[in-house]
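Read the structure below first, then the notes.
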Amino acid sequence: MRLYIVLLLFFLFFILSCSLLITSLNHSQVIVDLLFITLESNLGKVILISFLLGSGVTLVLEIFYLIRKRAEKKISESN
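Convert by adding 30 to the 1-based position in the sequence shown; the result is the number in the numbering used here.
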């Protein structure tokens with residue numbers, strides 16, 4: 031990865047973690063019912079955690095896609 035992409039990702043996660051601290055002031059309690067566990071947390075935390083998990087999954091899948099695309103490109107160039 032290029033340096034600016036790494037810095038951009040670091041800056042993005044820094045801003046999101048700061049927003050997590052800010053939204054922790056929200057006192058609205060919500061209940062999150064997972065398969066076997068029921069969690070009670072602040073609404074802001076639940077929204078930010080779900081956003082971060084979704085972003086992380088998307089980033090990992092995008093990296094796998096780019097690696098696969100580069101490998102296919104190298105194979106087609108060698109033939």
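C-beta: ideal position from N, C-alpha, C; glycine also.
Task: CB of Leu46 within 8 Å of CB of Leu82, strictly - done: On the sequence shown, residue 46 is found 16 positions in, with the first residue counted as 1. On the sequence shown, residue 82 is found 52 positions in, with the first residue counted as 1. Pairing Leu46 with Leu82 gives a Cβ-Cβ distance under 8 Å.
Open item on the list: Could you give the first and the last residue of the continuous alpha helix (DSSP H) run that contains Ser80?
Closed with: The residue given as residue 80 occupies position 50 in the sequence shown. It spans 73–108 - the alpha helix (DSSP H) in which Ser80 sits, taken as one unbroken run.
Open item on the list: Taking its Cβ as the centre, do 16 or more other Cβ atoms sit within 10 Å of Leu78, making it buried, or is it exposed?
Closed with: Along the sequence shown, one-based indexing puts residue 78 at 48. Of the other Cβ atoms in all chains shown, 16 or more fall within 10 Å of the Cβ of Leu78; this residue is therefore buried.
TODO: Count the other C-beta atoms from every protein chain shown that fall within 10 angstroms of the C-beta of Gly86, then say buried if there are 16 or more, exposed otherwise.
DONE: For this step, residue 86 is matched to residue 56 along the sequence shown. Gly86 is exposed by the Cβ-count criterion.
Open item on the list: Helix, strand or coil, according to DSSP, for Leu50 in the structure here?
Closed with: For this step, residue 50 is matched to residue 20 along the sequence shown. In the structure shown, Leu50 sits in a helix (DSSP, three-state: H, G or I).
Open item on the list: Measuring alpha carbon to alpha carbon, tell me which residue in Asn72, Ile67, Phe41, Thr68 is nearest Asn56.
Closed with: Against the sequence shown, residue 56 aligns to sequence position 26. Comparing Cα positions, the closest option is Asn72.
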